[in-house]
Structures are given as structure tokens and as C-alpha cells.
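Residue numbers (full-length UniProt numbering): 1 to 280.
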């Protein structure tokens, strides 16, 4: 085995270094050309000097808000352009006047999330209200959610379930206090929110057969994929490489299929309880 590794390493290491060199070269050239020609086409906000590949990431210390405040005082009190994610530009807003313009006056222009292959896969072409681009579809979806899920009457209908879940959470805290045990508040609140969401979605029967636990696991897996490191979000050109995109899509598709199986069962159970309220 050792002899085999000694033979393979001299052959594979040069290829790995060559691949790394070509990758860095391509990204650097794309970064340089994109910055050069985009600057000629349009006026951009002030920006500090950047490095290839990492952009302005080296200027951000362990306290990002302090670093951004210092950069804003030096390069742009209102707006500043930074590249903290490879070739992806980030607009930093530092004044209340500009924040109002971004979040209120021009909200419809800046409301859409950037494209993500993960959300596009899990959310069926980003059709979820949290990821769909701003437009007529989003307005109609928001109207449905506001009317059928967040109206005062609907929220009041969950009051009993919320009180019961709070009582269960407090009982866990009291039990831990009686034995001088530590309480993981993050886990407790996560479980509370998860169980509450399950009851809102499907009622009390959804907590049976381990479905509530599966619901929580899928939420964690989805959050991990959406908030994790995805190369195409930092370097969009690299994300178009078929092999890399397939690897990311494969993980997202597995989570999407698990969601589909769970929600199909919820719909079937819901229909069964409507037809047979007594379960007979």
C-alpha cells in the first residue's frame, strides 16, 4: 500500500497544483476584466483597492461592523462597493439617508434575492415566497400568506396550541431546575418553534410517528445548504462548471425529495382526517 501511494503521489500532485494554478488564473482574469470593463460602462460607488480572488475580504477583521465603519469613513460615508464574496459585488450602506433610499424608496429594485442554485433546486425554481424574484407572482403569494396564514383571526385560532407548547417548554425548564441541570435554550427554543410549526401546518396528529423530528431535521438540512458555502455564489462563472453544479444539485435534490415525501404524507393524512374525522 505504501509503495502504491509513493508511486501515485508524484503523478497526482503536479496535476493538483496545475489545476489549482489554472483555477486561480481564470478567476483572477475574470475578476480583472469584469472590474475593468464594468467600471468603464457605469459609474460605481467608491471602493478600496482589492486583491484578486478574495476581493476586499482581507480588510474585514474579527469585528466586521467596526471594520466596515472604518472603511466607510475613509472611502464613502453614504455608499461603498466591496467584493467580499469573490467576484460578487456588495453594496455597503452607512448613512440613514441612504438606507431609507435603499429600503424604502427603491425597495422594489433591491427586493429580490440573488440567484442560488440551491434555492432554485429545493424551492422548485425559487417559487417559494422567500426566494421568488419581486414581481406579480410574489405580490399574489404574499397576499395569500397574509390572508390565510397571518390574519388576526387565523393567528388567534392558534392561541390554544401556542399556550400548550409554552406550557410544555416551561415544564422542561422546571424539570431541569429541580435537578440542577443545565438547559440548552437554543435547542429548547428550536424544538418549541419546530413543534409549533408542525401543529400549525397539520394539527396535533403530525407530532406522531416521528414526523415532527423529521420536520426539524429537514429544516436544519435546508438551512445548512442555503446558508453554507456554495462556490457558485462567490464565483458565478465557476458555478457553471457541470461537475461542480451537479455535486451541489445532488445534495439539494435529496433534501427536496425528502421534503416532497413528507409533505405528500401530510396532505394524504389531512385528507384522511377530513373524510374520516374519527379515524375509523
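Beta carbons: idealized from backbone N, C-alpha and C, even for Gly. Since the structure is predicted, the reported quantities are computational estimates derived from the model, not experimental observations.
8 Å CB neighbourhood of residue 124 in its chain, flanking five on each side removed: Hits under 8 Å: 256.
Quick check: the segment 180-197 against the segment 46-54, are there 3 or more CB pairs under 8 Å? The answer is no - the segment 46-54 does not touch the segment 180-197, with fewer than three Cβ pairs under 8 Å.
Straight-line CA distance for residue 230 to residue 223? Taking the straight line from one Cα to the other gives about 13 Å.
With a threshold of 8 Å, are at least 3 pairs of Cβ atoms found where one atom belongs to the segment 101-112 and the other to the segment 127-134? Yes, since at least three Cβ pairs between the segment 101-112 and the segment 127-134 fall closer than 8 Å, the two stretches touch.
May I ask you to report which of helix, strand or coil DSSP gives residue 83? In this structure, residue 83 counts as strand in the three-state DSSP scheme.
Tell me the rounded alpha-carbon separation between residue 126 and residue 120. Residue 126 and residue 120 have their C-alpha atoms roughly 4 Å apart.
In the structure shown, what three-state DSSP assignment does residue 228 receive? Note: residue 228 maps to coil in three-state DSSP.
With 16 other CB atoms within 10 Å as the buried threshold, where does residue 173 fall? When all chains shown are included, residue 173 counts as exposed.
So, under 8 Å CB-CB, residue 189 and residue 218 are touching, yes? Tell me the CB distance rounded to an integer number of Å. The Cβ separation is near 18 Å, so there is no contact.
Starting from residue 188, trace the beta strand (DSSP E) in both directions and tell me its first and last residue. Bounds of any beta strand (DSSP E) do not take in residue 188; it lies within the alpha helix (DSSP H) bounded by 185-202.
Cross-strand partners of residue 55 (DSSP beta bridge): 51.
Cutoff 7 Å; reference residue 270; Cβ partners in own chain excluding five residues on either side: If we look at residue 270 and ignore the five residues flanking it on each side, its Cβ neighbours are 202.
Helix, strand or coil: how does DSSP classify residue 93 here? Three-state result, residue 93: strand.
Terminal residues of the continuous alpha helix (DSSP H) containing residue 137? Element bounds for residue 137: 136-148.
Taking the straight line between their C-alpha atoms, what separation do you get for residue 107 and residue 101? The C-alpha of residue 107 lies about 8 Å from the C-alpha of residue 101.
Using 8 Å as the Cβ pair cut-off and three pairs as the minimum, do the segment 57-76 and the segment 89-99 touch? Segment contact: the segment 57-76 against the segment 89-99, three or more CB-CB distances shorter than 8 Å; contact assigned.
Would you report the Cα separation of residue 82 and residue 105, rounded to the nearest angstrom? Cα to Cα, residue 82 sits roughly 22 Å from residue 105.
What is the DSSP secondary structure of residue 168, reduced to helix, strand or coil? Reduced to three states, the DSSP call for residue 168 is helix.
Helix, strand or coil: how does DSSP classify residue 106 here? Note: residue 106 maps to coil in three-state DSSP.
Test item: CB-CB of residue 252 and residue 88 under 8 Å: No, Cβ-Cβ distance for residue 252 and residue 88 is not below 8 Å.
Are residue 98 and residue 128 touching if we call contact CB-CB under 8 Å? Contact flag unset, no.
Rounded C-beta distance between residue 116 and residue 233? I'm assuming under 8 Å. Confirmed, Cβ separation roughly 6 Å.
In whole angstroms, what separates the C-alpha of residue 65 from that of residue 54? Here the alpha carbons of residue 54 and residue 65 stand approximately 19 Å from one another.
What is the C-beta distance between residue 289 and residue 84, in whole angstroms, given that I count them as a contact (C-beta under 8 Å)? Nothing in the structure corresponds to residue 289, since the chain is present only between 1 and 280.
CB of residue 192 within 8 Å of CB of residue 161, strictly: Residue 192 is not a Cβ neighbour of residue 161, given a cutoff of 8 Å.
In chain order, what residues of the same chain have a beta carbon less than 6 Å from the beta carbon of residue 221, not counting five sequence neighbours either side? Excluding five sequence positions before and after residue 221, the CB atoms of its chain that fall closer than 6 Å to its own CB belong to 255, given in chain order.
Under the three-state reduction of DSSP, which class applies to residue 115: helix, strand or coil? Annotated three-state conformation of residue 115 is coil, per DSSP.
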